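Residue numbers (my numbering), protein chains in the order written: chain F, 0 to 273; chain E, 0 to 273.
All remarks here apply to the structure that follows.
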């Protein structure tokens with residue numbers, strides 16, 4: 000029999016996960032949302048078997064996925080965790096993990112908990128961004144939480160792989176948060192810093208500028224959510240990056256061709272291997 | 000009768016321009032390259048009517064386009080400019096413009112000179128990157144040089160528009176160089192700085208990182224060429240950007256949600272208008 004997966008929060012990530020599971024007939028998907036209209040829309044789109052506004056839907060599921068923005072998630076964890084039955088698996092898709100895992104621990108769940116973070120997304124907000132192929136070939140970080148036994152870890156790994164993602168285990172939520180500060184949150188700050196440059200210049204913007212500023216089109220609520228739940232690591236990673244930028248600029252200013260070439264070639268090699 | 004356009008240097012930009020003009024039957028295109036093999040390859044590809052290694056091909060053209068890397072270009076200008084006949088138009092596609100326009104002035108040309116800079120490109124080197132649609136909807140900066148009368152400016156404007164680009168006139172080469180330092184060269188430095196971050200993190204790189212580091216795959220020779228002919232403006236623009244990044248990071252660190260939201264919303268609005 001197919002497992003029941005309850006997705007709490009049907010935004011871009013939750014909606015895409017529901018769509019991926021439903022389209023591939025991998026699970027019976029139920030949904031719980033704050034707004035009744037979102038639940039209706041998800042039913043009309045055919046990405047959930049049923050959906051409503053009652054969090055108690057989580058009680059009947061084999062897997063519960065909390066897919067609300069991190070700051071909402073932190074408020075929901077104490078409400079939802081006690082509802083999830085023993086033997087089920089509780090996970091989330093929040094973009095930062097220290098505060099989330101701490102909240103899971105405080106909630107003393109009866110179910111096994113595995114924190115999650117799919118490295119996927121597009122620029123559209125909510126169900127407008129729903130895309131069953133969103134996770135295709137994207138990393139999906141998994142971090143063991145309370146009661147995360149081997150069975151629960153296996154189940155989550157299979158689930159994320161089944162929607163096309165590449166599961167990547169990490170043990171330390173703090174390490175996760177510094178990592179995403181460096182490879183995800185700082186690129187957002189860079190995009191905003193680039194967009195704050197003097198105005199008339201933008202009419203000659205080419206591909207390098209467009210690529211580097213694409214994420215500035217993201218939903219500000221989503222971005223504030225991960226920046227403000229990852230303040231220390233973001234500040235540290237931004238400081239490191241600013242220092243690296245200044246060091247490269249000094250090589251340019253001095254005309255240090257040899258040293259620059261070595262660094263450019265190394266970056267080219269690493270980037271091509273991504 | 001169709002004009003004859005002589006393209007000196009058949010790399011990615013020169014080759015793409017030759018291809019765009021030939022495919023659209025807009026001009027009879029001749030080519031001059033350093034390596035005989037490149038000229039042969041361009042002929043086989045059918046993107047030029049004829050091509051060889053002799054710069055004197057420039058003497059017979061109505062328009063001469065210097066499409067070599069900036070530092071090669073600076074050496075070629077004194078050799079080619081005297082060959083171009085009065086009544087013809089001499090232009091270039093170099094990514095920095097102060098040193099190039101100065102070299103044009105020193106060469107005392109008999110032809111009208113208009114400096115040019117198409118804001119277009121891909122990650123492939125040389126004729127591998129040849130793409131007749133490369134300039135489609137891209138800005139192509141034009142800067143009047145010696146003898147640039149109204150007829151010459153019109154002719155160049157028509158030429159770049161005919162291959163799909165948007166002509167953008169600028170008067171001051173120094174202003175151009177600071178502008179491209181900000182909107183093009185600094186995004187390259189940012190990509191390299193991002194790629195220099197600690198190693199294992201990269202396995203979880205998502206779209207924001209991929210977008211922001213895409214240009215790190217560019218040909219290092221091409222990148223060194225524009226960085227090292229634009230040292231002062233690049234250093235200045237990198238310093239400005241590092242300061243903007245630190246200012247944003249301080250807002251994150253302090254949890255200044257209101258101020259951050261205002262900046263994120265403004266950036267979103269400006270980026271959507273690009």
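For each residue, glycine too, the CB sits at the ideal point set by N, CA and C.
The model shown is predicted, which means the values in this text are computed figures rather than measured ones.
{"Asked": "Work out the CA separation of residue 194 of chain E and residue 244 of chain F for me, nearest whole Å.", "Found": "11 Å"}
{"Asked": "Is it buried or exposed for residue 96 of chain F, if we count other Cβ within 10 angstroms and need 16 for buried?", "Found": "buried"}
{"Asked": "First and last residue of the beta strand (DSSP E) that includes residue 138 of chain F?", "Found": "138-143"}
{"Asked": "May I have the straight-line CA-CA distance separating residue 45 of chain F from residue 130 of chain F, to the nearest angstrom?", "Found": "13 Å"}
{"Asked": "Could you tell me whether the Cβ of residue 213 of chain F comes closer than 8 Å to any Cβ of chain E?", "Found": "yes"}
{"Asked": "So, helix, strand or coil for residue 289 of chain E, using DSSP?", "Found": "The structure shown does not extend to residue 289 of chain E, since chain E is modelled only from 0 to 273, so the question has no answer here."}
{"Asked": "For a contact meaning CB atoms closer than 8 Å, what does residue 120 of chain F contact in chain E?", "Found": "205 and 206"}
{"Asked": "Beta carbons nearer than 7 Å to chain E: which residues of the region 218-238 of chain F have them?", "Found": "219, 222, 223, 226, 227, 230, 233, 234, 237 and 238"}
{"Asked": "Can you tell which of F:2, F:239, F:161 and F:105 has its C-alpha closest to the C-alpha of residue 146 of chain F?", "Found": "F:105"}
{"Asked": "Please identify the residue among F:116, F:143 and F:230 whose C-alpha is closest to the C-alpha of residue 134 of chain F.", "Found": "F:116"}
{"Asked": "Which residues in chain F have a C-beta closer than 8 Å to the C-beta of residue 216 of chain E? List them in chain order.", "Found": "267, 270 and 271"}
{"Asked": "Which residue's Cα is closest to the Cα of residue 107 of chain E: E:94, E:122, E:123 and E:89?", "Found": "E:89"}
{"Asked": "Going by DSSP, what residues sit across from residue 51 of chain F in a beta bridge?", "Found": "F:31"}
{"Asked": "Examine chain E for any beta-carbon lying closer than 8 Å to the beta-carbon of residue 156 of chain F, and answer yes or no.", "Found": "no"}
{"Asked": "Whose Cβ in chain F lies nearer than 9 Å to the Cβ of residue 182 of chain E?", "Found": "193, 196, 200, 201, 203, 204, 205, 207 and 208"}
{"Asked": "What does a CB cutoff of less than 8 Å around residue 92 of chain F pick up in its chain, not counting 5 residues either side in sequence?", "Found": "12, 13, 16, 64, 65, 66, 115, 116 and 117"}
{"Asked": "According to DSSP, is residue 70 of chain F part of a helix, a strand, or is it coil?", "Found": "helix"}
{"Asked": "Hey, would you say residue 100 of chain F sits closer than 8 Å to residue 166 of chain F, going by beta carbons?", "Found": "no"}
{"Asked": "Using a Cβ cut-off of 7 Å, pull out every chain F residue sitting near residue 178 of chain E, in sequence order please.", "Found": "200 and 203"}
{"Asked": "Kindly give me the distance between the Cβ atoms of residue 248 of chain E and residue 233 of chain F, rounded to whole angstroms, as I take these residues to be in contact under 8 Å.", "Found": "6 Å"}
{"Asked": "Can you list, in chain order, the residues of its chain with a C-beta nearer than 6 Å to that of residue 26 of chain E? Leave out the 5 residues immediately preceding and following it.", "Found": "1, 2, 4 and 20"}
{"Asked": "Report yes or no: is there a C-beta of chain F within less than 8 Å of the C-beta of residue 138 of chain E?", "Found": "yes"}
{"Asked": "Are the beta-carbon atoms of residue 222 of chain E and residue 263 of chain F separated by less than 8 Å?", "Found": "yes"}
{"Asked": "Residue 268 of chain E: which of F:190, F:94 and F:110 sits nearest, CA to CA?", "Found": "F:190"}
{"Asked": "What's the gap between the Cα of residue 156 of chain E and the Cα of residue 141 of chain E?", "Found": "8 Å"}
{"Asked": "Report buried or exposed for residue 160 of chain F, applying the criterion of at least 16 other Cβ atoms within 10 angstroms of its Cβ.", "Found": "exposed"}
{"Asked": "Checking contacts by CB at 8 Å: is residue 167 of chain F closer than that to chain E?", "Found": "yes"}
{"Asked": "Of all the options E:216, E:9 and E:124, which has the alpha carbon lying nearest to the alpha carbon of residue 36 of chain E?", "Found": "E:9"}
{"Asked": "Are the Cβ atoms of residue 186 of chain E and residue 207 of chain F separated by less than 8 Å?", "Found": "yes"}
{"Asked": "DSSP has residue 114 of chain F in a bridge; who is on the other side?", "Found": "F:142"}
{"Asked": "Report yes if the C-beta distance between residue 306 of chain F and residue 228 of chain F is below 8 Å; otherwise report no.", "Found": "No information on residue 306 of chain F is available, as it lies outside the stretch 0 to 273 that chain F covers here."}
{"Asked": "Kindly indicate which residue of F:255, F:230, F:34 and F:188 has the alpha-carbon position closest to the one of residue 266 of chain E.", "Found": "F:188"}
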